[in-house]
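So the sequence lines, in the order shown, correspond to chains F and Z. Going by our numbering, the first sequence opens with residue 1075, and the numbers climb by one from there. Going by our numbering, the second sequence opens with residue 200, and the numbers climb by one from there.
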Amino acid sequence: MTSRASPFARAGLALPQKPRRAGGLRGLIEQAGVALACLLAWHLLVAWQWVPSSGVSAPGPALARWGELLLTSAYWQVLGHTLGGWFIGMAISVLVAVPLGVAIGLSRFLSDSTRFTIDFLRTVPPVALLPVVLLLLGPTLTMKVTLIVVGTLWPMLIQSIYAASQIDPVLRDAAQSFRLSRSHRIRFLLLPSVAPFVATGLRIAATVSLLLSVTGEYIGGAPGLGAALGSAELAGNLPEMYAYILTAATLGVAINIGFIVLQRQLLWWHPSVRIAPRG
Amino acid sequence: MVAPFGPHRPTRLSRRIRAVFVEAWLPIVLVALWWVLSARFPSTYSPPLQEILRLFRELWLFEHARTDLLPSVVNLVLGYTLALAAGVGLGTWLGLSPRLSRVLWPTLEFVRAIPGVAILPVFIILLGVGPTMKVTLIAVGAFWPILLNTIDGVRSVEPTLRDVAASFRIPLKHRLLHIVLPAASPQIFSGARISLSVAVILIVVSEMVGANGGIGYFVRSAERSFAIPEMWSGIIVLGLLGYVLNTLFRLLEARVLAWHHGMTTRTQRDGR
Chain F
1075 MTSRASPFAR AGLALPQKPR RAGGLRGLIE QAGVALACLL AWHLLVAWQW VPSSGVSAPG
1135 PALARWGELL LTSAYWQVLG HTLGGWFIGM AISVLVAVPL GVAIGLSRFL SDSTRFTIDF
1195 LRTVPPVALL PVVLLLLGPT LTMKVTLIVV GTLWPMLIQS IYAASQIDPV LRDAAQSFRL
1255 SRSHRIRFLL LPSVAPFVAT GLRIAATVSL LLSVTGEYIG GAPGLGAALG SAELAGNLPE
1315 MYAYILTAAT LGVAINIGFI VLQRQLLWWH PSVRIAPRG
Chain Z
200 MVAPFGPHRP TRLSRRIRAV FVEAWLPIVL VALWWVLSAR FPSTYSPPLQ EILRLFRELW
260 LFEHARTDLL PSVVNLVLGY TLALAAGVGL GTWLGLSPRL SRVLWPTLEF VRAIPGVAIL
320 PVFIILLGVG PTMKVTLIAV GAFWPILLNT IDGVRSVEPT LRDVAASFRI PLKHRLLHIV
380 LPAASPQIFS GARISLSVAV ILIVVSEMVG ANGGIGYFVR SAERSFAIPE MWSGIIVLGL
440 LGYVLNTLFR LLEARVLAWH HGMTTRTQRD GR
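Spelled out as structure tokens, the structure:
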């Protein structure tokens, strides 16, 4: 049992398939048409009272309120709080997990020793610790960041361990027989082997991190998107609530697209990016 | 390094014992450290582990397990099953019709990017804080990873297989059951695994907000009333719940995908 099965590596490595843009402009128009049709359906559902209007705002007012919010500085502060926590948490996770994971993955003894511990800690739902961090740290940025680190550290760590244990032995022997210096070995052997797996870990962690950031704000009351959503809910301001939900979705999309683009840019040489997936 | 003198080959048994020992020492050391440190330096927020475990026995074996843990697990299973059925069903349909999935793609990407917690307020207003809301929230949150992975899996079925099935005019039902779904199942499983952890997060979150029972509610209200050891006992229960669910999932996956793992190791071996 030399290799550790990564729960993510197998399926995660391939980038999500990008649907071919057959038809170019026509395809684009069709896609926009579907999106507009969904908006219309949402509007009609509310207008015809098929869903209780106490809980669902019509899309018109929500979009209008969103437009107004975009012009306030408070809105951008809220967004900054959420993104700030997201970024700091992710950065700490990466800085801790990648070197540690590579070190563990390169040593048979360490990876055997940590297998059970990491496997157990990975499955502990991160929100379970929300009450503890809330008690210790209060509704602050630190609380949120701690929650994010607790939630994203394990997927990153597992991906890094897996990556380091998967380095091609032939390449490793070659590097040794050419007596590559340590820095060259890191630059030409370690980094290219580890990067694709870390990228997959990052993509998974980015989504989890946003979820935890909003959770820490909504339940824990740290400033940010979740807290703004909660106060709109308390005030019964439905359009504003929906404006913030739409904001959260936009943020999620932006993060997803951002990471896919980043992966394509940085890993252009890797087969998972180079070989266009079958459509 | 000097090789050990003479042909010294460890027996199977001793190797297995060694493997267990190597995996076990770290968790044992960590728990022992927690035990000693929390006993030596007890603080308000980290009570002695002994105390926590005593409460764990008193509370969770088995009185609260019935009143607080069981409802959570039932809601989780219900919501997760709904998500599986809907995700695999719709995903197969969309995966088989590339045009439809292409047209729907941007809309799906937008809707699935909504963090589960952000729609929680809507569900609370619409459905209250009862089990219906929790099951719906889990179903909706766990649906997306399964859906997207199923679409991807179905679309990447070997084209040759698809052509063969088409030229033999294999009826749709058999094509689905014997070609498409088996080929897509590794990817469906990896989506389902991500969904499982999302589902556990969402059940805890929904109970922390909704105020009528469940393990998340127990932990949150223990925190609010400063019943710190009780809170820790609940956190241990949550950790064990996560681990047990994951282990069950892994066993199921190993069983269902046995053919797949067998095939990949064989091709790897033959490829060398």
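Quick reminder that beta carbons are idealized off the backbone N, C-alpha and C, glycines included.
Asked, Found
"Quick check: the Cα distance between Z/Glu257 and Z/Trp431, rounded to an integer number of angstroms?", "13 Å"
"Jot down the residue ranges of each uninterrupted beta strand (DSSP E) in the region 1188 to 1265 of chain F, minimum 3 residues, whole runs only, in chain order.", "none"
"How big is the Cα-Cα spacing for Z/Pro370 and Z/Tyr416?", "50 Å"
"What residues in the region 305 to 324 of chain Z bring their beta carbon closer than 9 Å to a beta carbon of chain F?", "Pro305, Thr306, Glu308, Phe309, Val310, Arg311, Ala312, Ile313, Pro314, Gly315, Val316, Ala317, Ile318, Leu319, Pro320, Val321, Phe322, Ile323, Ile324"
"Listing by chain order, which chain F residues have their CB less than 9 Å from the CB of Z/Met332?", "Near Z/Met332 there are no residues of chain F at all, since even the closest Cβ is about 11 Å away, more than 9 Å."
"At least one CB of chain F closer than 8 Å to the CB of Z/Gly438: is that the case?", "yes"
"Can you give me, in chain order, the residues of the region 1305 to 1334 of chain F that have a beta carbon less than 7 Å from any beta carbon in chain Z?", "Glu1307, Met1315, Ile1319, Ala1322, Ala1323, Gly1326, Val1327, Asn1330"
"Please list, in chain order, all residues of the same chain as Z/Asn348 whose beta carbon is under 7 Å from its beta carbon, the five residues on each side excluded.", "Gln386, Ile387, Ser389, Gly390"
"Quick one: what's got a C-beta closer than 8 Å to Z/Arg211's C-beta in the same chain, skipping five residues either side?", "none"
"For the region 206 to 228 of chain Z, which residues have a CB atom closer than 9 Å to at least one CB atom of chain F, in sequence order?", "Ala218, Val221, Glu222, Ala223, Trp224, Leu225, Pro226"
"Within 10 Å of its beta-carbon, does Z/Asn274 have 16 or more other beta-carbons around it, so buried, or fewer, so exposed?", "buried"
"Spell out whether any CB of chain Z is found under 8 Å from the CB atom of F/Ile1232.", "no"
"For a quick check, are the C-beta atoms of Z/Ala338 and Z/Leu281 less than 8 Å apart?", "yes"
"With a cut-off of 8 Å, does the C-beta of Z/Val455 fall near any C-beta of chain F?", "no"
"Short of 7 Å Cβ to Cβ, which residues in the region 399 to 433 of chain Z face chain F?", "Val399, Ile400, Val403, Val404, Met407, Val408, Val418, Arg419, Glu422, Met430"
"From F/Leu1209 to Z/Pro226, what distance separates their C-alpha atoms?", "26 Å"
"Hey, could you find the ends of the alpha helix (DSSP H) Z/Thr349 is sitting in?", "330 to 354"
"Buried or exposed: where does F/Gln1337 fall if 16 or more other Cβ atoms within 10 Å of its Cβ makes it buried?", "buried"
"Return the residue from the list Z/Val356, Z/Thr446, Z/Ser300 that minimises the CA-CA distance to Z/Leu395.", "Z/Thr446"
"Going by CA-CA distance only, name the one from F/His1155, F/Ala1323, F/Ala1238 that's closest to F/Pro1266.", "F/Ala1238"
"Which bits of chain F does Z/Val302 rub up against, with CB to CB less than 7 Å?", "Glu1104, Gln1105, Val1108"
"If you measure between the beta carbons of F/Val1206 and Z/Ile402, is that distance less than 8 Å?", "no"
"Just to make sure I have the definition right: I need the residues of chain F whose C-beta is within less than 7 Å of the C-beta of Z/Asn515. Which are they?", "The question about residue 515 of chain Z has no answer here: the residues shown for chain Z are numbered 200 through 471."
"Leaving aside the five residues before and after Z/Gly478 along the sequence, list all residues of the same chain whose C-beta is less than 6 Å from its C-beta, in chain order.", "Given that chain Z is displayed from residue 200 to residue 471, the structure contains no residue 478 of chain Z and the question cannot be resolved."
"In chain F, which residues lie with their C-beta within 8 Å of the C-beta of Z/Tyr279?", "Going along chain F, no residue has its Cβ under 8 Å from Z/Tyr279, so there is no contact; the nearest lies around 14 Å."
"According to DSSP, simplified to helix, strand and coil, what is Z/Phe425?", "coil"
"I'd like to know if F/Arg1189 contacts chain Z, where contact means its C-beta is closer than 8 Å to some C-beta of that chain.", "yes"
"By alpha-carbon positions, which one of F/Gly1310, F/Val1125, F/Ala1115 ends up nearest to Z/Pro320?", "F/Gly1310"
"Within the continuous alpha helix (DSSP H) that includes F/Gln1123, where are the two ends?", "Note, F/Gln1123: premise wrong, no alpha helix (DSSP H); not H, not E."
"To the nearest angstrom, how far is the alpha carbon of F/Gly1298 from that of Z/Pro330?", "28 Å"
"What residues in the region 1292 to 1305 of chain F have a beta carbon less than 8 Å from any beta carbon of chain Z?", "Tyr1292, Ile1293, Leu1299, Gly1300, Leu1303, Gly1304"
"What whole-angstrom Cβ distance do Z/Ser384 and Z/Leu456 have, given they're in contact under 8 Å?", "6 Å"
"Taking only beta carbons into account, state which residues of the region 1108 to 1135 of chain F come closer than 8 Å to chain Z, listed in chain order.", "Val1108, Ala1109, Cys1112, Val1125, Pro1126, Ser1128, Gly1129, Val1130"
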